[in-house]
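Colleague: The structure under discussion is supplied below as structure tokens; questions concerning it will follow.
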Amino acid sequence: MVPEARLIQIIQRFQYLEAAMAVGGADIAKLAREYSELKPVVDQIDAWRRLNDDIAEAKAMLADPDMKALAEEELPELRARLPEAEHALQVALLPKDEADARPAILEIRPGTGGDEAALFAGDLLRMYQRYAEARGW
């Protein structure tokens, strides 16, 4: 798993960005862009920490005879969700590719072949349009 020090560093940077954006300044656009990149990561860190806290609470409830049945029921469910939360956190922490934020232009031209090439280019265009719609682009 990711070292706790790295998670703390990310959260501190996020909190700094929140404070800096509240003050304002000339580089507000740059701060807002970095803030929007860190927001999903911080949300995943919070979700992972909440899940770990819930697991710790359920383990503590095992010692209480009145709450033991509830804890025994809740603990396996929480432990089953932990690998998924860890994976989501690791995916969120992956470095972002700078090209992802840039737009792409795709040009489709019919080559030699006359009408058949033009028909194929039209089919290819519709294929790419449907693919982009399916991906939510």
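By our numbering, the letter at position 88 of the sequence shown is numbered 1027, and the numbering carries on one by one without gaps. Where a beta carbon is used, it is the ideal one built from N, C-alpha and C, also for glycine.
(1) Is the beta carbon of residue 970 closer than 9 Å to that of residue 959?
(2) Under three-state DSSP, which class holds residue 1009?
(3) Work out the CA separation of residue 979 and residue 1074 for me, nearest whole Å.
(4) What are the boundary residues of the alpha helix (DSSP H) that includes residue 1061?
(5) For residue 1050, which of 1042, 1041, 1063, 1039 has the nearest alpha-carbon?
(6) Do residue 994 and residue 946 come within 9 Å of each other at the CB atom, strictly closer than that value?
(7) Consult DSSP for residue 962 and reduce its assignment to one of helix, strand or coil.
(8) Roughly how many whole angstroms lie between the Cα atoms of residue 1035 and residue 1007?
(9) On the three-state DSSP scale, how would you describe residue 1042?
(10) Apart from the five residues on each side of it in sequence, which residues of its chain come closer than 8 Å, Cβ to Cβ, to residue 1066?
Modeller: Per the coordinate set shown:
(1) One thing to note: residue 959 has its Cβ within 9 Å of the Cβ of residue 970.
(2) It is helical.
(3) When rounded, the distance between both Cα atoms is 19 Å.
(4) 1054-1074 is the span of the alpha helix (DSSP H), which, as asked, contains residue 1061.
(5) That would be 1063, whose Cα lies nearest to the Cα of residue 1050.
(6) At a Cβ-Cβ threshold of 9 Å, residue 946 and residue 994 do not count as neighbours.
(7) Residue state, collapsed to three classes: helix.
(8) Rounded to whole angstroms, residue 1035 to residue 1007 spans 44 Å at the Cα level.
(9) DSSP places residue 1042 in coil when its eight states are reduced to three.
(10) Around residue 1066: no qualifying Cβ.
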